[in-house]
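Working notes, beginning with the structure itself.
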Amino acid sequence: MKDPLKLHVRVSEIGRSSMDVQYAIVVDGALKAAGRGTIVLIDTATGKSTPIPDSAREKIAAFEGWV
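Position one of the sequence shown corresponds to residue 9 (our numbering), numbered consecutively onward.
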């Protein structure tokens with residue numbers, strides 16, 4: 009790939025055990041691709057979703073500028 013690209017990633021929402029993440033690829037200031045995904049925190053012992061710790065929520069909120 010000859011053109012440098014920028015990948016933008018942000019957490020757009022946090023639920024009890026999941027978070028929505030948005031992605032964008034920008035080349036020379038033009039949006040080339042965008043997407044979103046949901047990440048779920050899973051307890052590996054049970055295989056079930058587990059609440060996102062408050063400490064992680066606080067760090068994400070501070071990084072995203074929500075506080």
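Backbone N, C-alpha and C fix where the C-beta goes; we use that ideal spot for every residue, glycine too.
What is the DSSP secondary structure of residue i, counted as helix, strand or coil?
{"i": "K10", "result": "coil"}
{"i": "A68", "result": "With the sequence shown as reference, residue 68 is identified as Ile, and Ala is not the correct amino acid for it. Of the three classes helix, strand and coil, the one that applies to I68 here is helix, per DSSP."}
Output the distance between the C-alpha atoms of residue i and residue j, rounded to the nearest integer angstrom.
{"i": "P61", "j": "Y31", "result": "23 angstroms"}
{"i": "P59", "j": "E66", "result": "14 angstroms"}
{"i": "L39", "j": "V17", "result": "13 angstroms"}
{"i": "V75", "j": "A69", "result": "6 angstroms"}
{"i": "G37", "j": "L15", "result": "11 angstroms"}
Residue j and residue i - do their beta-carbons sit closer together than 8 angstroms?
{"i": "L49", "j": "I33", "result": "no"}
{"i": "E72", "j": "V35", "result": "no"}
{"i": "S57", "j": "S25", "result": "yes"}
Under 8 angstroms by Cβ, that's how I've got residue i and residue j pegged, so tell me the actual separation to the nearest angstrom.
{"i": "D11", "j": "E21", "result": "Their Cβ separation, rounded to whole angstroms, is 31 angstroms, which puts D11 and E21 out of contact at 8 angstroms."}
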